[in-house]
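Under full-length UniProt numbering, the residues of the sequence shown are numbered 1 to 125, in order.
From the three backbone atoms N, C-alpha and C, an ideal C-beta is built for every residue, glycine too.
Everything on this sheet refers to the single structure shown next.
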Amino acid sequence: MADFDYDEEEQDFENYDEDVYNENIEVKKIIPPNDFKRKLLACTNCYFILTQEQWRDYQNCPNCDVSSNNPKPTAKFTGITCITDPAKSWQTNRMRIVKRKDVKVPGAYAVNINEDYDYQQDTFE
Numbered sequence: 001m002a003d004f005d006y007d008e009e010e011q012d013f014e015n016y017d018e019d020v021y022n023e024n025i026e027v028k029k030i031i032p033p034n035d036f037k038r039k040l041l042a043c044t045n046c047y048f049i050l051t052q053e054q055w056r057d058y059q060n061c062p063n064c065d066v067s068s069n070n071p072k073p074t075a076k077f078t079g080i081t082c083i084t085d086p087a088k089s090w091q092t093n094r095m096r097i098v099k100r101k102d103v104k105v106p107g108a109y110a111v112n113i114n115e116d117y118d119y120q121q122d123t124f125e
């Protein structure tokens, strides 16, 4: 077997984790659904997912602007994707390009919403 010489790049890679943990990392608040056993609802505007109770608590979608078409939640969605860092996520770019949805808040998002959705009228009351 041949002996391998480590160059500086490989040594830097080996110490990558130590370097990351030594830096000050900005931690963003992630808003996940707090109970997957309860009814999950997705925002019809941005696909952000929360439980019915969380929708009542927030009154509006935490991802959408307050002025944006009064987004309504629906239970008629398929798939869930989680985005922890919207600024760096490839999934964020996909949602902007393919779905034309803006992702600002880390959390769970629906992959697709059925076009014939019925929004939950009682959730914002």
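Check	Outcome
Going by the beta-carbon positions, is the gap between N112 and T78 smaller than 7 Å?	yes
Any idea what DSSP makes of Y47, helix, strand or coil?	coil
Which same chain residues, not among the five before or five after Y58, have their C-beta less than 6 Å away from its C-beta?	none
Using DSSP's beta-bridge definition, name the partner residues of G79.	Per DSSP, none; premise fails for G79.
Is T92 helix, strand or coil when you go by DSSP?	helix
Taking the alpha helix (DSSP H) that D57 belongs to, which residues open and close that run?	52-58
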